[in-house]
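Enquirer: Residue numbers (full-length UniProt numbering), protein chains in the order written: chain A, 1 to 581; chain B, 1 to 581.
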């Protein structure tokens with residue numbers, strides 16, 4: 001095995017092409033070992049093995065600097081830079097993240113997990129190099145649909161201003177997570193079809209020099225191309241055509257399913273892990289499908305993550321023109337949703353909490369200033385959501401709930417979620433965002449409102465006394481358990497409240513609580529800073545009410561264990577009880 | 001005068017070309033009347049007179065829908081749609097905003113003031129039209145440097161997916177606010193130079209059909225072009241070459257100065273309004289220029305608004321490679337700043353508070369997760385800042401201060417501002433944002449710290465008792481006046497605190513205040529929701545301390561009078577005193 005002797009990039013420089021090809025095969029073995037047992041980004045990594053080998057063969061990392069976009073395709077890079085054990089030794093899987101991570105290696109420059117950032121970050125590395133009069137190549141690597149993101153296009157447009165060494169490696173596998181969307185991908189196809197010779201060329205139109213490599217999984221061809229551009233004195237795009245999922249037949253055949261994949265049996269490609277049961281993705285898809293069939297003006301929108309609300313390929317086809325995947329273009333999505341709502345359509349745009357960060361200004365300016373009645377579905381907005389530092393869903397409450405005019409709702413059960421969604425689609429007065437539940441599909445027998453136009457009216461679900469618990473969204477169930485515990489321990493049942501509205505306070509109810517209550521406890525599934533509970537604390541600031549806010553500390557967590565984080569933040573009912581009583 | 005009889009767009013349809021040209025001249029008289037007396041966007045409006053006339057001549061607004069980007073070029077549109085008095089009758093200047101405004105007219109579809117939004121918003125109008133099976137043209141108008149913004153590029157990339165009527169009018173005057181930056185503008189030049197025939201074409205590379213109009217200020221030529229594309233069944237870009245400032249010699253000669261201009265004497269072009277005295281723009285420029293001369297790794301960055309920190313054309317030349325205008329591309333700017341800082345440079349990126357909204361995700365992901373020591377200068381972040389609904393600077397505290405790892409500073413004087421800026425540039429541990437003072441250049445005799453690495457340490461500036469006033473940034477001076485008033489009225493001097501750090505609380509000091517104080521008053525120059533004071537309220541939530549938070553209500557203000565807003569929010573010292581004592 002060659003891989004056994006590769007401990008840093010310099011160790012591959014003595015290998016010849018044949019040996020490098022064997023190395024590629026060994027690397028795929030390592031990839032499959034980790035991916036099949038742990039899950040991860042299958043297609044992006046399998047497709048980028050040869051290119052990564054060729055990059056490290058031609059360039060001299062870390063003096064030459066690679067910046068990976070999204071960085072979910074960096075596994076081979078990790079193997080070649082001293083981290084191969086995390087792929088071959090099952091006991092060491094946990095030693096690395098699924099993204100580049102400067103904490104792991106001097107060959108990684110940024111923690112990256114969102115798309116479309118590599119060109120701009122790399123521009124910065126190059127500019128600092130030039131300011132300091134240093135040398136070395138800077139290479140931004142971008143692909144998997146990231147090109148359509150505004151940040152990437154801004155970066156590519158700016159890059160030509162650098163007037164010094166700068167290489168953009170466009171890893172074109174003709175796919176985003178799902179299929180590509182947007183006109184520029186037609187140009188990429190024209191470039192592939194013409195072997196890069198098509199005179200209308202997006203990269204040249206953005207001011208860059210350009211070369212094309214048709215065999216993006218051929219190490220020899222890649223080495224030749226990279227040698228050509230190494231030490232270039234100007235910005236150049238190197239467009240390579242790779243095969244997503246290369247080397248694993250199921251992944252080559254069904255690229256969307258295998259972009260990211262749960263653990264699987266390599267022999268059959270079948271999942272070895274099954275969730276089963278109800279999930280909000282499929283349920284949301286079914287609900288929206290019914291709405292769309294009943295009303296041609298309802299339209300479902302996503303930005304390259306259709307499956308987050310259950311829209312698999314068959315469902316997308318079924319929805320037809322009433323389903324829009326804008327590609328990686330969240331800014332466009334929210335502004336377009338505002339325009340659809342302005343002209344009488346009923347748009348529902350869904351993406352992950354972490355990706356709504358990419359469209360703050362459009363939520364504020366395009367949507368909320370104009371008060372257009374679009375619906376935003378905020379997915380994985382929870383400590384129970386995604387656990388990588390770059391994909392956390394615990395910041396959307398401070399980010400979104402303080403934007404004027406927005407009605408941000410937090411359902412406390414499955415029934416309430418769909419009632420809110422239905423109301424939001426049918427009303428025409430407010431931009432509405434809904435925090436999709438993320439703590440399992442929890443049903444309720446309690447009646448839920450069908451009309452949420454009584455903005456900021458909280459609901460008392462259990463009338464008690466002395467203590468009031470205001471438990472928001474996914475943490476409503478913690479509130480129930482806490483209420484039970486207080487009742488059990490003190491003999492007095494507290495009042496339990498489902499506030500439902502994140503964006504405002506029910507002043508009338510909070511005023512009434514002063515009668516018969518001396519303690520208010522708030523619970524929210526997100527960071528406390530700038531969040532929901534602080535608004536309650538402000539309301540009672542000058543009163544005698546004692547207010548205790550429970551939620552998460554403001555920090556970037558990474559690959560955390562949910563119960564540990566809950567415990568560290570005193571979020572178990574027993575801890576809260578011990579704190580206060 | 002033809003303009004006298006134009007009360008709606010249909011009134012121009014009977015005019016012939018010669019009459020339309022006379023109308024254009026009359027419109028310029030109206031523009032000059034308003035602009036010279038009130039100030040406003042001179043160049044964009046003067047350059048777009050003929051195109052607006054031709055649009056309304058060919059298309060049928062409001063069935064055909066125009067969406068103006070930034071919308072600062074919409075004055076002629078306002079004149080032709082029933083609002084001409086606001087240009088010819090000085091007493092009616094206040095009747096309209098400087099941007100499109102659905103509240104004013106059925107011919108305006110959105111409140112717009114940020115750049116790069118028109119294509120996406122218009123895509124939404126077109127999609128809703130198609131869903132409902134309606135007809136009519138949708139025309140997105142974009143220019144003045146807006147093309148480089150990520151949202152615009154996302155929108156243009158998506159537009160080709162519409163497969164129905166959609167027109168993008170590219171108003172190319174070869175300028176942004178200052179000169180254009182970015183590779184795509186080289187392509188626009190190549191297209192102008194080749195009369196649109198250059199085979200490498202950004203718009204075609206993005207999947208659009210395309211035509212070119214060389215004389216963008218020739219009504220007849222424009223009418224012919226618009227007739228060609230009217231009722232098109234597919235997306236098409238109409239690229240017109242206009243002259244920014246057309247018809248007013250000083251504005252044609254110095255396009256940057258006349259993009260937006262203060263009131264002026266039309267005969268000479270000289271300002272009739274002079275601020276005079278010190279201002280933070282010039283002072284910041286001088287300071288950064290000294291830093292850059294002393295250290296080649298310091299680099300000043302802006303996104304198309306260089307003059308917000310005093311970088312006029314001569315200063316930009318003087319700074320050379322150490323000054324970067326990325327164009328309208330705030331996302332790229334922040335990510336690139338992170339990259340520069342990662343590689344040992346010392347970047348300072350400045351823009352307006354309202355425009356930082358365009359780069360939330362980059363602040364969080366590219367910068368703060370990576371903890372790179374870049375400096376962000378947040379301009380006009382204040383109730384004293386810009387007053388249009390689309391440019392408000394009162395939301396950045398909730399938006400930015402709740403992002404982990406960021407150190408957000410609020411100086412309370414000129415000396416403190418520059419001390420913070422100096423510290424931020426030289427330190428290498430934190431991403432730092434500084435709220436530039438906006439309430440005039442206020443000097444202090446008090447010593448200010450030079451080292452701010454003691455994160456979240458507040459400063460007691462006057463030790464008193466009973467009441468503590470925590471007065472943040474620009475509202476520190478209100479805190480001083482309130483302290484004086486309380487002393488005068490009660491005979492007991494309160495404690496006055498300059499907190500300096502927006503992003504955290506000084507728990508030790510707040511704990512100590514419990515000794516000898518029963519009331520804490522917070523003051524902040526921004527909305528209360530998600531802001532600074534609520535964190536103090538949370539800290540004291542379960543204690544006996546009475547906390548009063550003062551700041552602004554969460555709402556979208558528009559063209560407001562500062563003293564009125566302060567009064568409505570109980571922000572005068574006398575009101576606060578009356579509320580509490």
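Virtual Cβ for every residue (Gly too), placed ideally from N, Cα, C. None of the values given here were measured: they were computed from a predicted structure.
Since residue 323 of chain A sits in a beta bridge, which residues does DSSP pair it with?
Expert: A/300
Enquirer: Determine the direct distance from the alpha carbon of residue 391 of chain B to that of residue 565 of chain B, and round the result to whole angstroms.
Expert: Linking residue 565 of chain B to residue 391 of chain B through their CA atoms gives a straight-line distance of about 16 Å.
Enquirer: Using a beta-carbon distance below 8 Å, is residue 266 of chain B in contact with chain A?
Expert: no
Enquirer: Which bits of chain B does residue 210 of chain A rub up against, with CB to CB less than 7 Å?
Expert: Here the premise fails: no neighbours, minimum Cβ distance about 10 Å.
Enquirer: List the residues of chain B that residue 364 of chain A touches, going by C-beta distances under 8 Å, in chain order.
Expert: 357, 395
Enquirer: How about residue 530 of chain A and residue 398 of chain B: do their beta carbons lie closer than 8 Å?
Expert: Contact: yes.
Enquirer: If you check the beta carbons only, do residue 285 of chain B and residue 311 of chain B fall under 8 Å apart?
Expert: yes
Enquirer: Distance check for residue 79 of chain B and residue 245 of chain B, CA to CA, integer angstroms please.
Expert: Taking the CA atoms as reference points, residue 245 of chain B sits about 18 Å from residue 79 of chain B.
Enquirer: Look at the Cβ atom of residue 340 of chain A, then the Cβ atom of residue 305 of chain A, and state whether they are nearer than 8 Å.
Expert: no
Enquirer: Within 10 angstroms of its Cβ, does residue 175 of chain B collect 16 or more other Cβ (buried), or is it exposed?
Expert: Flag for residue 175 of chain B reads buried.
Enquirer: So what does residue 384 of chain B bridge to, in DSSP terms?
Expert: DSSP lists no partner for residue 384 of chain B.
Enquirer: Can you find the residues in the same chain that come closer than 7 Å, C-beta to C-beta, to residue 63 of chain A, ignoring five residues on each side of it along the sequence?
Expert: 136
Enquirer: Per DSSP, residue 171 of chain A is paired with what?
Expert: Beta-bridge pairing links residue 171 of chain A to A/143, A/240.
Enquirer: Whole-angstrom Cβ separation of residue 226 of chain B and residue 54 of chain B, contact assumed at under 8 Å?
Expert: 6 Å
Enquirer: Looking at C-beta atoms only, is the number of pairs between the segment 508–526 of chain A and the segment 476–496 of chain A that lie closer than 8 Å three or more?
Expert: yes
Enquirer: Using only the alpha-carbon positions, how far apart do residue 107 of chain A and residue 230 of chain A sit?
Expert: 18 Å
Enquirer: For residue 517 of chain B, which three-state DSSP category applies?
Expert: strand
Enquirer: Beta-carbon of residue 555 of chain B versus every beta-carbon of chain A: anything under 8 Å?
Expert: yes
Enquirer: Using the beta-carbon of each residue, which ones in chain A are nearer than 7 Å to residue 398 of chain B?
Expert: Think of a sphere of 7 Å around the beta carbon of residue 398 of chain B: the chain A residues whose beta carbon falls inside it are 398, 402, 530, in chain order.
Enquirer: Let me confirm a value: residue 366 of chain B is counted as buried when at least 16 other C-beta atoms fall within 10 Å, else exposed. Which label applies?
Expert: Buried.
Enquirer: When you check each C-beta in the segment 169–190 of chain A against every C-beta of chain B, which residues fall closer than 9 Å?
Expert: 181, 182, 183, 184, 185, 186, 187, 190
Enquirer: Helix, strand or coil, according to DSSP, for residue 181 of chain B in the structure here?
Expert: coil
Enquirer: Considering only the alpha carbon of each residue, which of B/163, B/323, B/389 lies closest to residue 560 of chain B?
Expert: B/389
Enquirer: Considering Cα atoms alone, identify which of B/288, B/237, B/218 is closest to residue 205 of chain B.
Expert: B/237
Enquirer: Round the Cβ separation of residue 500 of chain B and residue 458 of chain B to the nearest angstrom and send it over; I've been treating them as touching at under 8 Å.
Expert: 6 Å
Enquirer: For residue 409 of chain A, which beta-bridge partners are listed by DSSP?
Expert: A/434, A/501
Enquirer: Can you tell me the Cα-Cα spacing of residue 217 of chain A and residue 24 of chain A, whole angstroms?
Expert: 10 Å
Enquirer: What ranges does the alpha helix (DSSP H) occupy inside the segment 426–495 of chain B, keeping only unbroken runs of at least 4 residues that lie completely in it?
Expert: Listed in chain order, they are 476–490.
Enquirer: Contact criterion: CB-CB distance below 8 Å. Does residue 361 of chain A meet it with respect to chain B?
Expert: yes
Enquirer: Once the 5 residues before and after residue 151 of chain B are set aside, which same chain residues still bring their CB inside 7 Å of it?
Expert: 116, 117, 120
Enquirer: Can you tell me which of B/455, B/173, B/256, B/519 puts its alpha carbon nearest to the alpha carbon of residue 486 of chain B?
Expert: B/519
Enquirer: How far does the alpha helix (DSSP H) with residue 340 of chain A in it extend, from its first residue to its last?
Expert: 330–342
Enquirer: Output the boundary residues of the alpha helix (DSSP H) element that contains residue 397 of chain B.
Expert: 396–401
Enquirer: Closer than 9 Å between beta carbons: that is the criterion. Which residues of the segment 326–340 of chain B meet it against chain A?
Expert: 326, 327, 328, 329, 330, 331, 332, 333, 334, 335, 336, 337, 338, 339, 340
Enquirer: Which residues in the same chain as residue 405 of chain B place their Cβ atom closer than 8 Å to its Cβ, once the five residues preceding and following it in sequence are excluded?
Expert: Short of 8 Å from the beta carbon of residue 405 of chain B, and not among the five residues preceding or following it, lie these beta carbons of its own chain, in chain order: 368, 369, 371, 430, 431.
Enquirer: Could you tell me whether any Cβ in chain D is nearer than 8 Å to the Cβ of residue 106 of chain B?
Expert: Within the model displayed, chain D is absent; protein chains A and B are what it includes.
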